[in-house]
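Residue numbers (UniProt numbering): 1 to 1244.
Even for Gly, the Cβ is constructed at its ideal location relative to N, Cα and C.
To keep things clear, I will list the structure first and then write my remarks on it.
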């Protein structure tokens, strides 16, 4: 209940009562209404005064005296609370231009002008003969459901009239069936009679006056036609809209249903109906079927008057009628000049968060969200399993008015939507789900289970049978309701508690240490000390008791590697050893050459001898010695100059001070000088590290290499010991991790069950409340449902709108059905969810957004955009940039919304059993960012199988491939285990050819015919389909068969006829097609990939097709190297190349080594995606993976819940047996962790 409005109405009532008390003529206070009555008013939210009559406990006196005042308060509240405001001039212009895009006022619209009949869209029933067409019309006018055989399956190789009729009706049937399956729209009608003439100054009209709903069924190879009683006979109101357009009117058409058809006066009834809307038709009371006459602009009849003239054309055709209803919405919006916040934000973007929607949280909940980027479980409601990205969507919509969901193929978009529905309903909100694709609505509806009993699903606004059946079922209530309790909240708190334990652990592991790295990185990049080693024990004691040199972990890892070079260390130690001669070297010149230091062996012997003599004797003896050693003196003099330069005297003095040491230094200098240059060339941090290790080695009398090897482990151990002594209770959580995960899983499943149960009860209780406590018209509604002549859906919803909208929380409709059936009422829904929004034109979405407070826009910009074949759709040229730019430039709702609203991407792929089926899509379109589960088991055959045939591409079709597909179907039917099948082609011509070949085979092969017939009896989502790439979005099947089609033509040339694949964003069609398979793909092709010459083409579609053919060939031939090479060539997101060595951590390498040493066959980095399984143990006998091992270094996953719960849950759901090794546990006791793995494998 809207508490604010309730308070306002209570205050209004008190104001009325107080005013009456002040009136001196009033002797008693006025009783306006009770609190319960005000509650009913708030719940039912009447739109006008008359709707107050439908509320129980409201009498005539209240309606006469107070209804207007209460209605004014309600309307004011809606406009102020939900930001509905006057639209400005620019917004009105945008709305008008969007409206004009819908208006199909041109001669391509078959409801306005048909100059000739095409096989795909129409068939002239007079071709069946006057007798047959008269019988058909007689049954349709009398609303009889008699069947009429209009053609039989015929594949004779002649050009007979029967064959031509079959081909025409077959193509029309397939056209309307495609629309029915894809959009849920029944477009097959008999148009009769037609009117001909002109509207306005010169707009030609040649269109059906009335439309009789038709149904064609194929029974025993016969095409049988009958009246579709589930839909109403209608007048062609498009003629009225066109007339209004030419006369600048925005007149609203109330109803176009033709009620109480009289066989004798139906034409007069039709003329009178159109006369009410100022469309003049020449009076004519009888009409007889006549053959359709083709016309051109020059042969079109030139009528003398301005009236339309009736013609007896009788056409079975495809007549789309729904855009008229959307047009009416625009007329009302423009006339009212009011725009909603959602629509305005779509036009110009969101400026701020909806702070009112941010629920105040407890301090603990806030801490949980702020510290760990998690959403409190009490804020989430779901009826099926979620992953982290899906959970984010549920969280974001509570904070924002609109959210865009980017949902790549198979990422659980419909699953997310069902949980969004449950969350909204449990928060007392009404939800509308809209999609252009019937298959998308079907999936959502089916996922809701028995809750769907209370969901109003209308995929065709003319299908009365389905609507009334659904409505009657929703009124049959289960009287045993479970009372509301707080079990969901208790459950949520329990989940939050378990997650908080993991949060505490992860937060601690990510805490930065004095080594400037997280505790986790210390565990991952070091080993626990072996204190039984006396050298290690001595080093540990020294570092733990003294002030340590500070290096970071990153530095220590690099420096240890640097000084594992024995030659380098040898030179540096030699340099250190040479520093004992520093008292000599400090006086040396810097540019000494080795030749300058040369002394002969004789010199080295004589110099010490004569120096000692020189020092022992007096002046005369020294004089004689100098004369006798004149040559040696000359050498020494040169030596002093070469070595000392200006300090030659100092050098001479040093020699006389200690001649032996002087000569030692002189001899060692060349090596010292070289080793010093090595030392000097090192970075400062390297010098610092070497000096420190050298110092320790001298002090502790330990080998330098041992110091280098153990230093990082000692320093990390000291840090780890401090943390473990303080936080041991938290770190021990790793031991309990499996139990915590299992507990969370159990609680989540229980929450799903409780939520589903609560949802079911709320939906039922609400219906009871409306019909038993608030409205007094339940019996009247039931009578309308059981009436033989039922109202149209729109009429019944209009009459019972208060009851239906208050009792039904969830509605599923197509865009056209929304405008056709639902009132254009502000805030009619709390949440509107658009599915497959990439295929919805902006102009179709705006009137729907107008009806809501919040919106979810779900789709995928890498999939199909709206069809360019929009009838009469107007495109506007760029008129200059302003804040509204984009509204008229972008095509789809998703294209525009992604620039206006907050965006969340779903990242976990579920559809494909084998990663090869989705890998190309992942890399080619999503930069490898999707979580794709690596194959837990090796498939028995390649997931993609290539079949090469010798086909020809003639007339845009390939007969050899079509025949091969029929043969392949036979094989699959004989071998399959009930797998579902889909066939995809790259154009409609090849699709029709394959359908023809299948149909022809059914004529002559009873077994095959029975298989095809059984396919039609399956659920619609499981039936065999044959589609081209334009129509497969939203579908999925176990087995997908591709007919590539392209091949040499009759002249042995490959013509590049890629159609829409070669258009802008044409590659999106390829992405949709290649991502439909769940288990297997067959590629039936007539060419090798390199035969497609596409390098010079501008657009990406054909180029990616060739890449895909290369990829599928590699997979089919089990060429994993080529497959990986192709995948990595598709994206710039990844730096890794196929030739690169796999990047691992010391932690991972250590685990790998320990397991291989234990005798296990282990693979690293299993999978083709970027999110791989770290290690996987294989069974050597079966070559299958038996255990996946995940390590806790998945740092790309920032959420604790994703890292420690959702990631493993995803892998296990897809068939993996997963064991987690924590770096802290591995650091403490590797043998114990290996023993755990041995136990798991022994007990499997």
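Please report the residue range of the alpha helix (DSSP H) in which residue i lies.
{"i": "residue 758", "result": "733 to 769"}
Residue i: buried (16+ other C-beta within 10 angstroms of its C-beta) or exposed?
{"i": "residue 1032", "result": "buried"}
{"i": "residue 4", "result": "exposed"}
{"i": "residue 728", "result": "exposed"}
{"i": "residue 576", "result": "buried"}
{"i": "residue 656", "result": "exposed"}
{"i": "residue 329", "result": "buried"}
{"i": "residue 50", "result": "exposed"}
{"i": "residue 349", "result": "exposed"}
{"i": "residue 130", "result": "exposed"}
{"i": "residue 410", "result": "buried"}
{"i": "residue 1093", "result": "exposed"}
{"i": "residue 9", "result": "buried"}
{"i": "residue 640", "result": "buried"}
{"i": "residue 206", "result": "buried"}
{"i": "residue 876", "result": "Model confidence at residue 876 stands at a pLDDT of 48, short of 50, so the residue's coordinates are unreliable and nothing is read from them."}
{"i": "residue 534", "result": "exposed"}
{"i": "residue 1056", "result": "exposed"}
Going by beta carbon distance, what residues of the same chain come within less than 6 angstroms of residue i, once the five residues before and after it are set aside?
{"i": "residue 808", "result": "456"}
{"i": "residue 63", "result": "52"}
{"i": "residue 1252", "result": "Not covered by the structure: residue 1252. The range shown for the chain is 1 to 1244."}
{"i": "residue 839", "result": "436, 864 and 866"}
{"i": "residue 756", "result": "383"}
Below 6 angstroms, is the gap between the Cβ of residue i and the nearest heavy atom of the ligand FAD?
{"i": "residue 826", "result": "By its list of ligands, the structure shown contains no ligand whatsoever, and the ligand FAD lies outside what it can speak to."}
CB-CB under 8 angstroms to residue i, same chain, minus the five flanking residues each way: which ones, in chain order?
{"i": "residue 1140", "result": "Bear in mind that a pLDDT of 40 at residue 1140, under 50, signals an unreliable position, so the model cannot answer this."}
{"i": "residue 1258", "result": "Given that the chain is displayed from residue 1 to residue 1244, the structure contains no residue 1258 and the question cannot be resolved."}
{"i": "residue 1148", "result": "1164, 1174, 1175, 1191 and 1193"}
{"i": "residue 1232", "result": "1225"}
{"i": "residue 13", "result": "32, 33 and 38"}
{"i": "residue 281", "result": "195, 209, 270, 271, 274, 275, 307, 308, 309 and 310"}
{"i": "residue 990", "result": "956, 957, 958, 961, 962, 1028, 1043 and 1045"}
{"i": "residue 671", "result": "574 and 578"}
Along the chain, where does the beta strand (DSSP E) containing residue i start, and where does it finish?
{"i": "residue 939", "result": "Counting along the chain, residue 939 falls outside any beta strand (DSSP E), and DSSP gives it neither H nor E."}
{"i": "residue 887", "result": "Residue 887 -> no beta strand (DSSP E), and no H or E assigned at all."}
{"i": "residue 1216", "result": "Run containing residue 1216: none; DSSP gives neither H nor E here."}
{"i": "residue 1043", "result": "1037 to 1043"}
{"i": "residue 318", "result": "315 to 318"}
{"i": "residue 1026", "result": "1025 to 1028"}
{"i": "residue 902", "result": "902 to 905"}
{"i": "residue 1116", "result": "Careful: residue 1116 lies outside any beta strand (DSSP E), inside the alpha helix (DSSP H) at 1100 to 1116."}
Might you give, ordered along the chain, the residues of its own chain that have their beta carbon closer than 7 angstroms to the beta carbon of residue i, omitting 5 neighbours on each side?
{"i": "residue 142", "result": "263"}
{"i": "residue 66", "result": "16 and 32"}
{"i": "residue 921", "result": "409, 1071, 1074 and 1075"}
{"i": "residue 154", "result": "162, 163 and 166"}
Exercise. Counting only runs of 4+ residues fully inside the region 528 to 571, write out the alpha helix (DSSP H) ranges in chain order.
Key: 534 to 545 and 553 to 562
Quiz item: Is it a yes or a no for the region 454 to 470 touching the region 168 to 188, going by three-plus beta-carbon pairs under 8 angstroms?
Solution: yes
Exercise. Could you tell me whether the region 1007 to 1018 touches the region 1046 to 1060, using the rule of 3 or more Cβ pairs below 8 angstroms?
Key: no
Practice problem: Flag this pair as touching only if the region 705 to 720 and the region 582 to 591 have three or more C-beta atom pairs under 8 angstroms; answer yes or no. | Solution: no
Self-check item: Complete beta strand (DSSP E) runs within the region 218 to 270 (minimum length 3 residues, chain order)
Solution: 222 to 227
Practice problem: Would you check if the region 934 to 943 and the region 416 to 427 touch, i.e. whether three or more CB-CB distances between them fall below 8 angstroms? | Solution: no
Quiz item: Within the chosen definition, does the region 917 to 933 reach the region 949 to 962 through at least 3 CB pairs nearer than 8 angstroms?
Solution: no
Quiz prompt | Inter-stretch contact (C-beta, 8 angstroms, three-pair minimum) for the region 701 to 715 and the region 522 to 540 | solution = yes
Quiz item: Between the region 104 to 119 and the region 331 to 350, are three or more C-beta pairs nearer than 8 angstroms?
Solution: no
Practice problem: May I have a chain-ordered list of the alpha helix (DSSP H) segments no shorter than 4 residues that lie completely inside the region 813 to 868? | Solution: 815 to 821 and 842 to 849
Quiz item: Would the region 699 to 710 and the region 503 to 513 be scored as touching if the rule is three or more Cβ pairs under 8 angstroms?
Solution: no
Exercise. Spell out a yes or no on whether the region 214 to 230 and the region 244 to 264 are touching, meaning 3 or more CB-CB pairs, one atom from each, closer than 8 angstroms.
Key: no
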